[in-house]
Every structure is written in structure tokens, then in C-alpha cells.
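Notes follow once the structure below has been shown.
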Amino acid sequence: MPISNPERYTVTAALIYANGPIHIGHLAGCYVPADIYVRYLRSSGKEVAFISGTDEHGVPITIRAKKEGLTPQQVVDKYYEQIDASFKSLGISFDVYSRTSKPVHHETSREIFRDLYDKKVFIEETTEQYYDETAQQFLADRYIVGTCPVCANPNAYGDQCERCGSTLSPLELKDPRSTLSGAKPVLKATKNWYLPLDKMQPDIEAYVNGHSEWKTNVFGQCQSWLKDGLKPRAMTRDLDWGIKVPVEDTEGKVLYVWFEAPIGYISATKDWLIQKNGTDEGWQKWWQPAKDASQGETKLVHFIGKDNIVFHCIIFPAMLMAEGNYILADNVPANEFMNLEGDKISTSRNWAVWLHEYLEELPDKQDVLRYVLTANAPETKDSEFTWKDFQTRNNSELVGIYGNFINRAVVLTQKFCEGKVPQRGELQDIDRAALDELAAFPARIAESMENYRFREALSLIMDLARTGNKYLADTQPWHAIKTDPERVNTILNIALQISATLSIVSEPVLPFTSAKIQEQLGLSGKNWQDAGKADLLAAGSPVLEGKLLFEKIEDSVIEKQVQKLHDAKRQNELEGKTVLPVKPEIQYDDFAKMDIRVATILEAENVPKSKKLLKLRIDIGSEQRTVLSGISEHFKAEEVIGQKVLYLANLAPRKMMGMESHGMILMAEDRDGSLAFVQPGKDVWNGGTVN
Numbered sequence: 001m002p003i004s005n006p007e008r009y010t011v012t013a014a015l016i017y018a019n020g021p022i023h024i025g026h027l028a029g030c031y032v033p034a035d036i037y038v039r040y041l042r043s044s045g046k047e048v049a050f051i052s053g054t055d056e057h058g059v060p061i062t063i064r065a066k067k068e069g070l071t072p073q074q075v076v077d078k079y080y081e082q083i084d085a086s087f088k089s090l091g092i093s094f095d096v097y098s099r100t101s102k103p104v105h106h107e108t109s110r111e112i113f114r115d116l117y118d119k120k121v122f123i124e125e126t127t128e129q130y131y132d133e134t135a136q137q138f139l140a141d142r143y144i145v146g147t148c149p150v151c152a153n154p155n156a157y158g159d160q161c162e163r164c165g166s167t168l169s170p171l172e173l174k175d176p177r178s179t180l181s182g183a184k185p186v187l188k189a190t191k192n193w194y195l196p197l198d199k200m201q202p203d204i205e206a207y208v209n210g211h212s213e214w215k216t217n218v219f220g221q222c223q224s225w226l227k228d229g230l231k232p233r234a235m236t237r238d239l240d241w242g243i244k245v246p247v248e249d250t251e252g253k254v255l256y257v258w259f260e261a262p263i264g265y266i267s268a269t270k271d272w273l274i275q276k277n278g279t280d281e282g283w284q285k286w287w288q289p290a291k292d293a294s295q296g297e298t299k300l301v302h303f304i305g306k307d308n309i310v311f312h313c314i315i316f317p318a319m320l321m322a323e324g325n326y327i328l329a330d331n332v333p334a335n336e337f338m339n340l341e342g343d344k345i346s347t348s349r350n351w352a353v354w355l356h357e358y359l360e361e362l363p364d365k366q367d368v369l370r371y372v373l374t375a376n377a378p379e380t381k382d383s384e385f386t387w388k389d390f391q392t393r394n395n396s397e398l399v400g401i402y403g404n405f406i407n408r409a410v411v412l413t414q415k416f417c418e419g420k421v422p423q424r425g426e427l428q429d430i431d432r433a434a435l436d437e438l439a440a441f442p443a444r445i446a447e448s449m450e451n452y453r454f455r456e457a458l459s460l461i462m463d464l465a466r467t468g469n470k471y472l473a474d475t476q477p478w479h480a481i482k483t484d485p486e487r488v489n490t491i492l493n494i495a496l497q498i499s500a501t502l503s504i505v506s507e508p509v510l511p512f513t514s515a516k517i518q519e520q521l522g523l524s525g526k527n528w529q530d531a532g533k534a535d536l537l538a539a540g541s542p543v544l545e546g547k548l549l550f551e552k553i554e555d556s557v558i559e560k561q562v563q564k565l566h567d568a569k570r571q572n573e574l575e576g577k578t579v580l581p582v583k584p585e586i587q588y589d590d591f592a593k594m595d596i597r598v599a600t601i602l603e604a605e606n607v608p609k610s611k612k613l614l615k616l617r618i619d620i621g622s623e624q625r626t627v628l629s630g631i632s633e634h635f636k637a638e639e640v641i642g643q644k645v646l647y648l649a650n651l652a653p654r655k656m657m658g659m660e661s662h663g664m665i666l667m668a669e670d671r672d673g674s675l676a677f678v679q680p681g682k683d684v685w686n687g688g689t690v691n
């Protein structure tokens, strides 16, 4: 059953593989919503540990290492630094961003595995697994690809199909092949240790069924797994890179990454305390049940993407149940996937908006990205990010509504009230209505935050900004100043109080903007309990002149980003091209009939009414000839003059566009369809033969 009044919160965000940069799909899936939730809890006075880090073991790391020509350790070092810096720049407020390559993680993972081993929880089994005879090693799931039995994707991995999302096992794939050598793998006997999920199913069912309040996508996926019947799952793998199995005679075996990765949340908590205090003393209060009533309960919440639901809702809880000394997740608010410009985000195809590039190319727009990803978050179904929507939400909502209200309140205060919060006078009905609305908003927003409905919370935040805009539009202080300055003082006092509350309730989503507003208003030390009050700002306190919170994003900026994606797609298409097969075999005598000579282009001009032809005058040593060549879409006439080329001299003349062409210039076609002259490696005389 859900915890109703916890003493503290342990909030985790998924440990991402340190094999590449962060993209917007990762952010929308778990990191931005987790940060919003944690910032709200802190503002509400809750004690929180916000835990995450990089997952630095497993096959994706070794695959990236091979691709980049680095060691696995070099790969994880490289991407940890990049990911950590990107998160900090976006304002993701982790208490600790740790690494599973740290000694504290290795020690914690081995301890838990050894505990389960000593308790005889695991089943030791010798099974047949795929083995690459060419590479001479057992193949982890990600080293095997084949045809998905569900959707027929020919490049499904041994553990999951990225096209349809189905969870697979290598033996389910049709036509499997090794990604190491391309060879068809063979089955070979190997011993591993399995977590008997089938025997644990009653306890897991009781746990899952006790949380019917979970999001429908989470609860439904768990029920689907339980309905199909859980099966034992290997907790060790035959690999070199990873945490060595803490059992005798297990050379060449490591802990399964999905056994040790979630333990990374626990080890990261220890790492956090070590960094703060020099010792991990006290980590238990964040992860273990209270020893007595005075300690209070800890609420554990996992933020993940939907592809990790089974690991966080079934496998990790099963491990912790078997160990017996840990709390289980109270909620797992997993999001669905975010797509990009009509296509699925793909790291391998470079079809993504990368966070580190976004931060470089659109500086000081962290909150714009946070806003758009929250407004369009895939909370209940897949959503889509488009650059046009990004521009519209910025220009129409952040600039036109939110920023417009704050700017009007500050500018009018500077203009009419000498840059100070004016004294509020007698209230009219419209003022009382505005203050009543103001007082109600924080609780409504909090209710959405506490139930992980962050899109709804953001919508309410924007409604508060709209309330402020409507209040100013209805009271029209720019007109009232001419006849009733005292009335203007009341109006602007209320507008500034709305602004102050807006800065508090929007801080979880827009932390950089909130800080700017609070600096303008001289507001500090306030939290969620203060939001909605009518006296947050004291009369007479200074209001600083401020710059615009948001700026319009021009079409050229958006067009550049869209073109960048199209360029990436085009590059993927080119990289996917294969060399044409060799034509049917010929005899030497066939080749000997061709008279290929070295020639120099002397003159070149466009052929009237032709898009493709250039008229060339060439010198072949013994004479000059005219050649019509279909290269004008690739070269300008003046660019080809003086080029030394190879020329097929004995090709029969051919009439084109009313002119006769004698012979052919030889060209090479690149994978993108562009042409290049075939030229001798040194300055050969005109008429020189090609043998």
C-alpha cells in the first residue's frame, strides 16, 4: 500500500549507459520530471535524496568502445564527464550523480549478490547459450541480432526489439547473427546463476497488486508480465567487462548489468554521504525500513522510461525482497517515449536533439527546453517533439503570456511607483477575486505535482500567469494613473504579489527564470508554504529593473535545427548504401578494345536548353575534340577548364542536342551521387594511354 505521510523521500532517476550523450528523449522520459518532483518536495520542506548516475557496465559500453577504438574505461570516463556537465547546465539538481565503476558500487553489488548466494536464493544452472566461434567468446544479448518474432524487424537485439519494444531472449530471434563477426552463433554449455522469479511470483504479485494507484502504463505492463508467468532470469553473464562474480571458480563471469545497475542507487547514496562527510554512515535511513516509529518512513520513488518498467517493478524488488533488509519502491512513475519530427529518436541513426549541442547552440534557453519537454511530456502515451512546436510554445506562451505578465508588472512599477512595491489601498471586488484565485493556485498545483501529473501542474502555472495578465488588462493601470494614482498602487501591489507566487510555484519547472524573477523582486527565503499569500512583498521594498525573461526565437534558428536533422538523416541514408555488385565477367580482349587516353579540358560552356550537358573542348595530344558531358549539375563550366582527365577515345560519336559528341570523359560516382574526375596520379602528357 502507498505511504501516506513519509518522513523523507529517496528519489531516483534512471542510471543511463555511459556510452553516448544525453538526448531529449532521456530528459522527457525521466530526468526533467524527476527534477520537477524533487524541487517541489524541497520547496515543500521535505527531506529528499535525489540519486542518479551512469551505468558503466554491460555490452553497450563494450560496443561503443570497439566503435570508437577506446577501452571501455576510456569510454565511460568520456561520457560520464559530458553527461554530468550537461545535467548541471540544465539545472537537474541531483544530490549525487555517481558512477557504477566506483569501488563503493562494486563492493555493494558483490555484498548483495554474495548474501543471496549464501542464502541459496539463486539457482545454479548449466545452459546452452550462443557462442561466436570466430570471436571465441560467449555472446551477451546485445551482441546478437536477428529477426524479431513479433514485428519481423531484421535487426532486433537479443534482449529487446527497438522497433516494437518487445522484450526478447536471444533464442527467440530468427536467423541470429553475431555483431562481433557477423557469423551465425552456435549453442555452447555454460554455467550461470539465476534468480528464481517463478518461485517468487506470489510475493511479487502481492507487491504489485498493492499499488493499483500506479500509472496505468506501469501497472498494466507489470500485470502482463505476471499473467504470462515469470521465469528464472540469469544474474551473471560470460563477459570480461563488469563486476566480477564474488564466487570461487567464476573466471570470465560478471554480474548481470540489470542485477548490479539498480544497486547503483544504493551505492550512489553511500557515495553521496562519503563525499559530504567522509563516511557512508547513515545511508540506511534512505534505503532500509525504520527501526522504530521515531525514525519515520522513507518513500522510494523511481523515475524511469517505459522500457525499464520490468526491471524496476519486478526484478529489482524481487532482489530486495530476497535480501530482506530494504524498502521497496512506493511508486514508479514511468513515462512513455518521446518521438522527434515524426520519427523515433535513435542514437545509432543520430536522429536526436542532443542536450550538450542544444546548450551550445541555444545558450541561456535551458528553461525553454524544460518547459517544452514538460508541456509535451509523454506521461500517458508517446508524444512528439517538433522544432516548430518548440518555437510556438516559446513565442506564444513563455514570451507572450508568462514573460509578458512579469515584464508588465515590473515595468509599470518602475514607471508609476518609483521602482518600489506600492502600498495596497482599499480593495475592490476585482482585487478580492484576484487574491482569492492567487490563494487557491498553490494547493491545486501541489496536488498535481504529488500525483506526478507535471503537464497538468505546468498548465496551472500558466493559468496563474494568465490570471495576472487578465487582472492587469481588466484594471488598466496605464489609464487609471491619470485619475487615481492610489488605485494604481493597489493594482500593482497585487500584480507583484502574483508575480512573487508565480516565481515560487514555477521554480520546479523553470528554476533559472524563477531565480531571475526573485532577484528582480528582492524575494528570498520563501518556499511553497508561502506561495499564494497576499503579502509576500512588503510595501516599499525595491523592484529592480529587469531584462526580458524570454526572447522570441526567429524562424532562422528553427530552420537551422531542422536542417541539422535532415542532414543527419541524409548522412544515415548514405552510410546505409552498399557498393554496387561487380558486373558480369568479361575477357581481356573486351577491355583491350577500349582506348583510354589522358586529356586536358581546354574550353567548357553550358549547352543551351540542357540542364545536364557541358560542351567541352579537349586536347588528346594528337588532336582536339568536342565532347558533350552530362556533368553541369555537378560542375560549373569555369571549374573544369584545365582539368587533366581520363577519356574514352574510341567510343562511337553520338548526336545530342543537335551536336555531335566524340568520346566520353570518365567519372567516378560517390555514395551521395556526386561526381569526380578520374585523373592520373601525376602530370601525364596528353594522349598518354591507360593500360
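Sequence positions in the sequence shown follow UniProt numbering and run 1 to 691.
For every residue, glycine included, the Cβ atom is placed at its ideal position computed from N, Cα and C.
A quick note: this is a predicted structure, and the numbers were derived from the prediction, not measured.
Residues bridged to residue 698 (per DSSP): In the structure as shown, the chain begins at 1 and stops at 691. Residue 698 is therefore absent and cannot be evaluated.
Supposed contact pair Phe-512 and Gln-366 - C-beta distance, whole angstroms, cut 8 Å: Here residue 366 refers to the residue found at position 366 when the sequence shown is read from its first residue. Here residue 512 refers to the residue found at position 512 when the sequence shown is read from its first residue. With 8 Å as the limit, Gln-366 and Phe-512 qualify as a contact, their Cβ atoms being about 6 Å apart.
Limits of the beta strand (DSSP E) - the one that Trp-193 falls within: As a working mapping, residue 193 is identified with position 193 in the sequence shown. Its beta strand (DSSP E) spans residues 186-195.
Asn-606 - partner residues in DSSP beta bridges: Indexing the sequence shown from 1 puts residue 606 at position 606. Note: Asn-606 sits in a beta bridge opposite Leu-614.
Collapsed DSSP secondary structure at Ile-665 in the structure displayed: Against the sequence shown, residue 665 aligns to sequence position 665. It is a strand residue.
Spatially closest choice to Ser-181 from Ser-101, Val-543, Ala-135, by CA coordinates: Translated into positions along the sequence shown, residue 181 becomes position 181. Taking only the C-alpha atoms, the option nearest Ser-181 is Ala-135.
Status (buried if at least 16 other CB within 10 Å, exposed otherwise) for Cys-161: What you label residue 161 is simply residue 161 of the sequence shown in a count that begins at 1. Flag for Cys-161 reads buried.
Reduced DSSP category for Pro-680 - H, G, I as helix; E, B as strand; rest coil: Translated into positions along the sequence shown, residue 680 becomes position 680. Correct three-state label for Pro-680: coil.
Residues of its chain near Glu-279, where Cβ-Cβ distance is below 8 Å and the 5 sequence neighbours each way are ignored: Stepping through the sequence shown from its first residue, residue 279 is reached at position 279. The question names Glu, but residue 279 is Thr in the sequence shown. Around Thr-279: Leu-273.
Three-state secondary structure (DSSP) of His-634: The residue you call residue 634 lines up with position 634 of the sequence shown. Coil.
At least three beta-carbon pairs within less than 8 Å, the stretch 284-291 to the stretch 110-119: no
Contact belief for Ser-506 with Ser-514 at Cβ below 8 Å, rounded distance in angstroms: Looking up residue 506 in the sequence shown gives position 506. Looking up residue 514 in the sequence shown gives position 514. That belief holds up - the Cβ atoms of Ser-506 and Ser-514 are roughly 6 Å apart, short of 8 Å.
Proximity to Met-319 [Cα-Cα], best of Lys-612, Thr-689, Lys-119: Position 319 of the sequence shown, counting from 1, holds the residue named residue 319. For Met-319, the nearest C-alpha among the options comes from Lys-119.
Through-space distance from Phe-405 to Gln-520, alpha-carbon basis: The count along the sequence shown starts at 1 and reaches residue 520 at position 520. The count along the sequence shown starts at 1 and reaches residue 405 at position 405. The alpha-carbon atoms of Gln-520 and Phe-405 are separated by roughly 14 Å.
Inter-stretch contact at 8 Å, needing at least 3 Cβ pairs: the stretch 397-404 / the stretch 543-553: yes
Check whether Gly-260 and Ser-109 have beta carbons under 8 Å apart: Here residue 260 is taken as the residue at index 260 of the sequence shown, counted from 1. Here residue 109 is taken as the residue at index 109 of the sequence shown, counted from 1. The amino acid occupying residue 260 in the given sequence is Glu; Gly does not appear at that position. Cβ distance < 8 Å, so Glu-260 and Ser-109 count as in contact.
Nearest to Pro-422 (by Cα), restricted to the options Ser-556, Ala-539, Arg-8, Thr-127: Taking the first residue of the sequence shown as position 1, residue 422 is located at position 422. Of Ser-556, Ala-539, Arg-8, Thr-127, the residue nearest in Cα terms is Ala-539.
Rounded distance between the beta-carbons of Thr-147 and Asp-175, thought under 8 Å: In the sequence shown, residue 175 corresponds to position 175, counting from 1. In the sequence shown, residue 147 corresponds to position 147, counting from 1. Indeed they touch by this definition, with Cβ atoms about 5 Å apart.
Same chain, Cβ closer than 8 Å to Lys-253, five either side skipped, listed in chain order: On the sequence shown, position 253 is the one that residue 253 refers to. So the list reads Asn-192, Thr-236, Arg-237, Asp-238, Leu-239, Lys-244, Val-245, once near-sequence residues are dropped.
Ser-632 versus Leu-613: straight-line alpha-carbon distance, rounded: For the purposes of this step, residue 632 is taken as residue 632 along the sequence shown, with counting starting at 1. For the purposes of this step, residue 613 is taken as residue 613 along the sequence shown, with counting starting at 1. One C-alpha to the other measures close to 6 Å.
Ala-654 burial status per 10 Å Cβ neighbour count (16 or more: buried): Counted from its first residue, the sequence shown places residue 654 at position 654. The sequence given here has Arg at residue 654, not Ala. Counting Cβ neighbours within 10 Å, Arg-654 comes out exposed, since fewer than 16 surround it.
Rounded C-alpha distance that separates Asp-672 from Asp-567: As a first step, residue 672 is located in the sequence shown; it is residue number 672 there, counting from the start. As a first step, residue 567 is located in the sequence shown; it is residue number 567 there, counting from the start. When rounded, the distance between both Cα atoms is 12 Å.
Beta-carbon proximity of Arg-142 to Ile-63, cut-off 8 Å: Here the question's residue 142 lines up with position 142 in the sequence shown. Here the question's residue 63 lines up with position 63 in the sequence shown. Result yes, Cβ atoms of Arg-142 and Ile-63 sit closer than 8 Å.
Coil, strand or helix - Glu-281 by DSSP: For this step, residue 281 is matched to residue 281 along the sequence shown. The answer is coil: DSSP assigns Glu-281 none of H, G, I, E or B.
Minimum Cβ-Cβ distance from Gln-136 to chain D less than 8 Å: No chain D appears in this structure, which consists of one protein chain only.
Alpha-carbon spacing of Asn-19 relative to Lys-682, whole angstroms: As a working note, residue 19 is residue 19 in the sequence shown. As a working note, residue 682 is residue 682 in the sequence shown. Taking the straight line joining both Cα atoms gives about 45 Å.
Bridge partners - Trp-214, DSSP secondary structure assignment: Counting from 1 along the sequence shown, the entry for residue 214 is found at position 214. In the DSSP output, where bridge partners are listed per residue, Trp-214 has none listed.
Between the CA atoms of Glu-418 and Asn-277 - distance to the nearest angstrom: Here residue 277 corresponds to residue number 277 of the sequence shown, with the count starting at 1. Here residue 418 corresponds to residue number 418 of the sequence shown, with the count starting at 1. Distance between the alpha carbons of Asn-277 and Glu-418 is about 49 Å.
Option in Asp-595, Gly-630, Ile-601 with minimal Cα separation from Pro-611: Counted from its first residue, the sequence shown places residue 611 at position 611. Residue 611 is actually Lys in this sequence, not Pro. Per the Cα distances, Gly-630.
Where Lys-119 falls: helix, strand or coil (DSSP): The sequence position of residue 119 within the sequence shown is 119, counting from 1. Three-state result, Lys-119: coil.
Proximity below 8 Å, CB of Val-301 to CB of Asp-330: Locating residue 301 in the sequence shown gives position 301, counting from the first residue. Locating residue 330 in the sequence shown gives position 330, counting from the first residue. It is a contact, given that the beta carbons lie within the stated cut-off.
Gly-158 to Ile-517 span [Cα, whole Å]: For the purposes of this step, residue 158 is taken as the residue at position 158 of the sequence shown. For the purposes of this step, residue 517 is taken as the residue at position 517 of the sequence shown. Distance between the alpha carbons of Gly-158 and Ile-517: 51 Å.
Cβ pair count under 8 Å reaching 3, the stretch 343-361 against the stretch 21-33: yes
Trp-685 classed as buried or exposed, judged by whether at least 16 other C-beta atoms fall within 10 angstroms: One-based indexing of the sequence shown puts residue 685 at position 685. Exposed.
Exposure of Gln-571, with buried meaning 16 or more beta-carbon neighbours within 10 Å: The residue given as residue 571 occupies position 571 in the sequence shown. Under this definition Gln-571 is an exposed residue.
Cα-Cα separation between Arg-466 and Leu-398, rounded to whole angstroms: Residue 466 sits at position 466 when you count from the first residue of the sequence shown. Residue 398 sits at position 398 when you count from the first residue of the sequence shown. If you take the alpha carbons of Arg-466 and Leu-398, they lie about 11 Å apart.
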